[in-house]
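Taking it in order: structure first as structure tokens, then the write-up.
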Amino acid sequence: FTRHNLDFATDVKFLYDQGFRSISVEPVIAGPEAPYGIREQDLPGIYAEYDKLADFCLECAAAGDPLRYFHFAIDLEHGPCILKLISGCGAGYDYLAVTPTGDLYPCHQFVGREGFRMGHVTTGIERTDLRQAFGGADLFAKEGCTQCWARFLCSGGCHANAHLINGDILQPDRMGCALLKKRMECALGLQGAIKELKQVSAS
Numbered sequence: 027f028t029r030h031n032l033d034f035a036t037d038v039k040f041l042y043d044q045g046f047r048s049i050s051v052e053p054v055i056a057g058p059e060a061p062y063g064i065r066e067q068d069l070p071g072i073y074a075e076y077d078k079l080a081d082f083c084l085e086c087a088a089a090g091d092p093l094r095y096f097h098f099a100i101d102l103e104h105g106p107c108i109l110k111l112i113s114g115c116g117a118g119y120d121y122l123a124v125t126p127t128g129d130l131y132p133c134h135q136f137v138g139r140e141g142f143r144m145g146h147v148t149t150g151i152e153r154t155d156l157r158q159a160f161g162g163a164d165l166f167a168k169e170g171c172t173q174c175w176a177r178f179l180c181s182g183g184c185h186a187n188a189h190l191i192n193g194d195i196l197q198p199d200r201m202g203c204a205l206l207k208k209r210m211e212c213a214l215g216l217q218g219a220i221k222e223l224k225q226v227s228a229s
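In the numbering used here, the protein residues as written are 27 to 229.
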């Protein structure tokens, strides 16, 4: 969704009505100067949409036809190992993007960005410094992450977004942080409500 269609809960409900049961609708990644970029003043409306989605997910679960909304799907009992919780995104370290011409980049979002070409499929990784930089970009290295309540659910966020918005993979995109925290609040509340539903139906 973008600034021009902030009523994205309606889009999710439409897709559900068409028969889809696993849906993801992503916020656009763009600076606030872009005509479609999300601004701080858009946050209250976006938060309200996430609340509507959480309510809708609960309704679907209660009706016995659940919706798996990607951003609300967190596994609190069998989630990632501690190393993954700390390191988060594996761009440039655990995996690479390969362009049609064979160039290697940390991930698809870095393709074409100056200074992020890591090598080529015929020559291998040429920029080991970039590999080390991405490997060390865990939540303990990122500005503000160690004090955030959502740090182990987010693991420092997207490196590409941080670079796009702030020019530094170690400086998280604050708008992205705000949206993620709201989604986590909804996800946790939804999990609790669904657990209560199951307990009531079992008794």
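Ideal Cβ positions, reconstructed from N, Cα and C, are used throughout, including at glycine.
Asked, Found
"Endpoints, the beta strand (DSSP E) within which Leu130 is located", "129-131"
"Phe46 classed as buried or exposed, judged by whether at least 16 other C-beta atoms fall within 10 angstroms", "exposed"
"Touching by the beta-carbon criterion (3+ pairs, under 8 angstroms), the segment 103-111 and the segment 215-225", "no"
"Helix, strand or coil at Tyr76 according to DSSP, with G and I counted as helix", "helix"
"Top-ranked residue by Cα proximity to Leu214, from Leu122, Ile72, Asp77", "Asp77"
"Identified DSSP bridge partners for Gly150", "His146"
"Sufficient close CB pairs (3 or more, under 8 angstroms) joining the segment 142-151 to the segment 164-172", "no"
"Own chain residues within Cβ distance below 7 angstroms of Phe34, not counting five before or after", "Phe27, Val51, Glu75"
"DSSP beta-bridge partners of Val124", "Leu130"
"Arg177 and Cys171 closer than 7 angstroms at C-beta", "yes"
"Contact set for Ile207: own chain, Cβ-Cβ below 6 angstroms, skip 5 residues either direction", "According to the sequence as given, residue 207 is Lys; it is not Ile. Taken in chain order, the residues that qualify are Ala176."
"In DSSP terms, what Tyr95 is bridged to", "Ile49"
"Backbone secondary structure at Ala117 - three-state DSSP", "strand"
"Where Ala219 falls: helix, strand or coil (DSSP)", "helix"
"Tyr62 versus Asn31: straight-line alpha-carbon distance, rounded", "9 angstroms"
"Cys203, DSSP secondary structure in three states", "helix"
"Status (buried if at least 16 other CB within 10 Å, exposed otherwise) for Gly202", "buried"
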